[in-house]
Amino acid sequence: MSADSRNLFTMPPGAPFLERLAAALLADPALGGRFDGTPELADVTILLPTRRAVRALGEAFLRASGGAALLLPAIRTLGDVDEDDLILDPKGMGADALGLPPSMPPLERQLRLARMIVEGRGEDETRALALAADLGRFLDMGLTEGVDLGALASLVPDEFADHWQVTLEFLKLLTAAWPAEMDRLGFMEQAERRNRLIRAQADLWRAHPPEAPVIAAGSTGSIPATADLLKVVASLPNGAVVLPGLDFDLDEESWAVIGEPGTASHPQYGMSKLLRHLGAARADVAFWPGSETAQKMAARGRFLSEALRPAETTERWRARLAAMRKEARDALAGLTLIEAAGERDEAGAIALAMREVLETPAKTAALVTPDRKLARRVAMELRRWKIEVDDSGGEPLAQTPPMAFMRLVATMIAEDFAPVALLACLKHPLASAGEESARFRARVRAMERLILRGPRPAPGIAGMRMACTAEKHAREESGRISAAFERDLAETIKLLDRVEHDASPMVEAWRAGAPLDALVQAHIETAERLAATATEPGADRLWAREEGEAAATFIRELIDAAPAFGTLDARSYPRFFDQLAEGRVLRPRWGRHPRLFIWGPLEARLQHADRIILGGLNEGTWPAEAGIDPWLNRPMRAALGIDPPERRIGLAAHDFVEGASAPEAVLTRAAKVEGAPTVASRWWLRLTSVLTGLGEETAPHAPHWALWAHDLDRPAAKIDPVRPRPMPPLEARPSQFSVTEIETLIRDPYAIYAKKILNLRVLDPLDADIAAAERGTIVHKALEKFVAAFPETLPDHALAKLIAIGEEVFESAMERPGVAAFWWPRFQRIARWMVEYEREHRGGIARSYPEAAGVIAIEGLRRPVRLTGKADRIDMMKDGTLGIADYKTGRVPSAKQVETGLAPQLPLEAAMAARGGFRAAAGLPEARASRLVYLRLTGGETAGEERVIPDPGGDLAEEIYALLVDLLKQYEDETTPYLSRPRPMFTGRYGDYDHLARVKEWSASGGEGE
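Residue numbers (the working numbering): 2 to 1011.
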């Protein structure tokens, strides 16, 4: 191409690309005679790389015209990014181009590839789906680069590791089976179709140049077919190519280096490669009319060019920086660097910088970052000012309410109505199951309280019905039937009936092993049934609003594509469904702020805002790691003519330079992310190195933004949380304690206040482990029945009889997961140890009393207080004294804790026995206890263990009883507070009421409330 070519233009980095493009064409569509004739604006065709750029250029023309009515140019996408939205002029194209087969829908392609992987490799279906997505990306890359995939067979010489041979064998799926499948179905790969259409357009224009102007603007020619089209456009009599951000400041020697091996990460790598493809040099490129920059912006461009010069020529820095010192201030004017302590501080500083822009009328700001977490943080920070920012990255579709509900429905069925999955689904805002929503929620809560708190019921709806029956039976036995229970039981049964009916389509498809399309249809029917209210169909609720429309679009595509996969193992369906939805996003169409934006680097190309903020400038984030290609190593890529992975870093670097060249540019990074130190982006390090060389290392830094953001969350006055000190009146204080509650009164009085005065009852956890919830009860019950059956002497075959009793007790719990596999074998070991223990001690025992209940009135107080207790076992010894035993399946108190009164249960039971407290209920005479013992029964390697508390004369029992009386006298004083955890060094676990007492707040601040 000749040096006086008029067809190549550029706009310097930081120039408002689309605004300048629109202004020049609106002022003179012929560009001062560069185009032949006198074309009108509507005659011009403009090719842009993205759909967002197409929309933005239309808006730029509107602004440039002052809102006047216009016939706009034909603005079309090149397919550089949005390959599926390629729109070029079909007039004059041959039948070969217009008759190309359609492209296969992406979801169908992924499912068909996954089925081929399952059948050919025997992979798990969900893993096959992920592999299919990776294969699809590899195929797109190869076709985009114009690679002959048939050449893969010759790319694995003997010097490579054996696993590359395995990879090649796997890739035969793409080189042999898949092309045949596409031909059979009458489809063409989307990337190949795009390439052919672009090349057909290029051939048409080459043979028949259009009379009207054609302008290709903003493309870097990263797709070879696009680069070919740009070459044709540049050679048209009325054609022009406008390059984004060509660097004229880099010296010729450094420019010549770009394109050599190892320079793919340079921001001008793509520009250099494209110019070589066009047969042009930098001298052949002119500035677009009206895009020349002011002195300060030109200085910024030289500063960035120098900072990011190729590593091969950085020895020129010393001389170059000395010459640049005089314009350093101009280069740094409007450039700000913010290095925050952490990601939250970074997000706060960015949000504050964006909010500050709104103080100036009509001024705009945009955050550009590839870090989606940072983008979401900034969006949330802006909500403190009730600002909903326009985030081009959108929201993951899987996290929208309709898709979240669909996922919860699938998980509930897959886990056979397990408590957590069931409640997660039924408590979702969209769940109503044909009822008024408030009534439905009440039924769900009633069911949760009745049968789902505690150990997991047996599987399925039938298991929950069994749990209802068992709960009713248990309450009848213990006399705890109430009107409230009867009401909750009736509501729960109605709810189970309704859920069973609504879930039946998916349950039946699940059990029948239906193919994927039938599973999807059943999934939809079940979700719609569960989403219905008494007055509104489920479909109207589930697919409403933007998020519902987006979910419905995905589901419709899945229904169309599902037959391509065939049969799916139903157990894999929830993960399969999640995998298919992964990567889908919802971009709201309205309701966002008109002057604040969040863009990804791709979306930011050719865009303009008055303040550009480049966030997340850490290695691994921006730029992202080059990564390891799972399919081709570097020599293979080079042999196929594919650019190295660093090419993506070069594209990212070009985006960075464009943003950092803005008149107002803010660069941010976090020194730590998730508590771990980070490494600053290579571009940040280059900039700071050049700043140091210029003697301006502190000039652009602005730490005040992060400090101001931090101050936003600083309270006006410091509030020191204090330990709660409730002091209820005497008549409200408890008048009855069990012996186990006395330990709680000593260790954590606030728990007594919450339980016995506020009457707050602790809910069992969902899906409680049998080890935590019922193991003690079951073991106690078995031993109680054994001792009650043989109170005086051991029977023959004692072990067999104890095992038989255990089988009877365990029978009701055997349907619970974990009992048969875990606790029954442990009980058998406990039984063997217990029988040996009995044989050793029964000789000195006259009679044993299991589960002996007792009560005494504590004297010496201003009002009567009753002390109750139930001893696991009391032995009447032959010498007339008592032995009191307590079974422990968990932790056992130390002797020191018992002797100091911190674990007073056994001594207090002995004191009760000495006062005749067990006479009325258990028939035990008033007697002194000579033996206090804990029996630790775990069923582990040491099945049982005896821990004796010495108290031969009963002195310990009387001492602990006296301490109890003194303690209760203190609580008769209405100024004595029920403190939270006054002895935390003895409480090693989280208390049931610690959240109510706000322990973490006052304990962290040191607030004692004293």
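Beta carbons: idealized from backbone N, C-alpha and C, even for Gly.
A quick note: this is a predicted structure, and the numbers were derived from the prediction, not measured.
At least three beta-carbon pairs within less than 8 Å, the region 638-653 to the region 256-269: yes
Beta-ladder partner(s) of V55, from DSSP: For V55, which the question treats as bridged, DSSP gives no partner whatsoever.
Rounded C-alpha distance that separates A533 from P506: 15 Å
Cutoff 6 Å; reference T365; Cβ partners in own chain excluding five residues on either side: R596, A610 and D611
Enclosing beta strand (DSSP E) for G349 [first to last residue]: G349 -> not in any beta strand (DSSP E); alpha helix (DSSP H) instead, spanning E344 to V358.
Where T693 falls, given that 16 or more other Cβ within 10 Å makes a residue buried: exposed
Alpha helix (DSSP H) segments (min. 4 residues) lying fully within the region 353-407: 373-383
Runs of alpha helix (DSSP H) wholly within the region 280-320 (minimum 4 residues, chain order): 296-308
Proximity of L368 and G616 at Cβ, strictly below 8 Å: yes
Whole-angstrom distance between E449 and D993, CA atom to CA atom: 19 Å
Spatial distance of P722 from L731 (CA atoms): 27 Å
Among V667, I614, S573 and V680, nearest to A625 - alpha-carbon criterion: V680
L237 to R200 span [Cα, whole Å]: 15 Å
Rounded straight-line distance, which links the Cα of D749 to that of P851: 30 Å
Alpha-carbon spacing of F10 relative to D250, whole angstroms: 16 Å
Proximity to S220 [Cα-Cα], best of G34, A31, F18 and T176: F18
Per DSSP, cross-strand counterpart(s) of Q737: R867
First and last residue of the uninterrupted beta strand (DSSP E) at A853: I846 to I859
Environment of G902 [buried if 16+ CB atoms lie within 10 Å]: buried
Minimum C-alpha distance to A571 - residue among A115, L607, G514 and V658: G514
Any 3 or more C-beta pairs closer than 8 Å across the region 490-508 and the region 542-554: no
Contact under 8 Å by Cβ, R593 with V445: no
Residues that DSSP places opposite I339 in a beta bridge: T669
Alpha helix (DSSP H) segments (min. 4 residues) lying fully within the region 494-568: 517-532, 539-543 and 546-562
Closest Cα partner of A928 within the set L964, V934, F919 and Y935: F919
Inter-residue Cα distance where the pair is R808 and I885: At residue 808 the sequence reads Glu, which differs from the Arg that was named. Looking at the two C-alpha atoms, the distance is approximately 26 Å.
Residue range of the unbroken alpha helix (DSSP H) whose run includes D1: Given that the chain is displayed from residue 2 to residue 1011, the structure contains no residue 1 and the question cannot be resolved.
Inside the region 919-973 only - beta strand (DSSP E) runs reaching at least 3 residues: 930-938 and 945-950
Rounded straight-line distance, which links the Cα of P456 to that of P766: 8 Å
Any alpha helix (DSSP H) of 4 or more consecutive residues that is wholly inside the region 10-81: 18-28 and 52-65
Reduced DSSP category for A872 - H, G, I as helix; E, B as strand; rest coil: strand
DSSP beta-bridge partners of G601: Its beta-bridge partners do not exist; DSSP assigns none.
Residues of its chain near E437, where Cβ-Cβ distance is below 7 Å and the 5 sequence neighbours each way are ignored: T534 and A535
8 Å Cβ cutoff met for L497 and R476: no
Outcome for E170 when other beta-carbon atoms lying within 10 angstroms are tallied against a minimum of 16: exposed
A605 at chain D interface by Cβ criterion, 8 Å: Chain labels in this structure do not include chain D; a single protein chain is all it has.
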